[in-house]
Every structure is written in structure tokens, then in C-alpha cells.
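Under the numbering used here, the residues of the sequence shown are numbered 7 to 104, in order.
Accompanying notes for the structure given below.
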Amino acid sequence: MNYTQTIAKIRGRGQLTIPQAIRQALSWNEDEVLVKIITAEDGFRVERLPISHPQQVQKKLTKKQWGKIWQTMEDFSKSGKQNIKLTDFVRKDRDSRF
């Protein structure tokens with residue numbers, strides 16, 4: 007990592023934009039990076055969350071993950087009349103995975 011220092015402004019709504027030079031030095035080139043903010047005596051520290059963190063956004067599912075989702079949907083549809091809309095089922099299923 008390259009040591010980089012710059013100045014940034016915290017806006018009225020509490021928004022802080024991490025300057026591009028800092029993001030590049032840290033290899034944070036993705037559109038969205040999930041971070042942890044830790045308070046310190048005279049400020050705060052920002053750390054990137056690891057990929058394995060449960061709140062980390064997963065951009066693509068693997069074929070195995072999609073296969074499991076489709077299999078669950080097929081099993082559900084073959085099991086007979088359900089008292090739930092398929093859309094609600096898919097939402098509930100996705101919420102349980104992410």
C-alpha cells in the first residue's frame with residue numbers, strides 16, 4: 007500500500023467522500039465498498055469489511071448457488087397448493103441467503 011494523505015470535507019448531512027487517490031492507494035476500486043467506522047479519541051478510523059462478512063454485498067451467485075435456488079423453487083412448486091405467492095416465496099428465500 008502506498009502512503010497517501012489528503013483533505014476531505016464532511017458535508018452537512020454527515021457524508022464523507024473518500025477521495026479517489028485514497029481509494030486507489032487502498033485498491034478500493036469497486037463501486038460500493040462496505041466499511042466499518044470506529045471512533046477514536048480525536049476522530050475515527052475507517053476499515054474495509056472482509057469479503058466473508060455477512061453484510062458484504064455479493065454481486066454474483068455461483069452456478070451451485072443458483073442451482074440450489076432453482077431446486078428449492080421446483081420442490082416448492084411440486085409440493086402442491088401453497089398459501090403464498092411465488093413472488094413472496096422468492097423474496098423470503100433471497101432474504102434468508104443474503
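Backbone N, C-alpha and C define an ideal beta-carbon position, used for all residues, glycine too.
All of these numbers come straight from a predicted model, not from anything done at the bench.
### Query
CB-CB under 6 Å to arginine 103, same chain, minus the five flanking residues each way: which ones, in chain order?
For the purposes of this step, residue 103 is taken as the residue at position 97 of the sequence shown. Once the five neighbours on either side are set aside, arginine 103 has no close Cβ partner at all.
### Task
Closer than 8 Å by C-beta to asparagine 8: which residues in its own chain qualify, once you throw out the five before and the five after it? Chain order, please.
Numbered from its first residue, the sequence shown carries residue 8 at position 2. Result list for asparagine 8: Ala31, in chain order.
### Proximity winner among Lys91, Thr10, Arg100, relative to tryptophan 72 (alpha-carbon distances)
Walking along the sequence shown from the start, residue 72 turns up at place 66. Comparing C-alpha distances from tryptophan 72 to each of Lys91, Thr10, Arg100 shows the shortest one belongs to Arg100.
### Query
Between Thr68, Gln26, Phe95, which lies nearest to aspartate 37 when the distance is taken from Cα to Cα?
Position 31 of the sequence shown, counted from the start, is the residue given in the question as residue 37. Of the residues Thr68, Gln26, Phe95, the one whose Cα lies closest to the Cα of aspartate 37 is Gln26.
### Integer Cβ distance of arginine 54 from valine 41, believed to fall under 8 Å
Mapped onto the sequence shown, residue 54 falls at position 48. Mapped onto the sequence shown, residue 41 falls at position 35. In this structure arginine 54 touches valine 41 by the C-beta definition: roughly 6 Å separates them, less than 8 Å.
### Query
Per DSSP, leucine 22 is paired with what?
As a first step, residue 22 must be located in the sequence shown, where it is residue number 16. Bridge partners of leucine 22: Ile16.
### Message
Suppose you measure from the CA of isoleucine 24 to the CA of leucine 67; what does that come to, to the nearest Å?
### Response
Locating residue 24 in the sequence shown gives position 18, counting from the first residue. Locating residue 67 in the sequence shown gives position 61, counting from the first residue. Going by the C-alpha atoms only, they are around 29 Å apart.
#### Entry: Cβ shell of valine 52 (< 6 Å), same chain only, five flanking positions each side left out
Reading the sequence shown from its first residue, position 46 is the one you call residue 52. Cβ within range, chain order: Val41, Ile43.
### One or two residues paired with glutamate 53 in a DSSP bridge
Counting from one through the sequence shown, the residue named residue 53 turns up at place 47. Per DSSP, Lys42.
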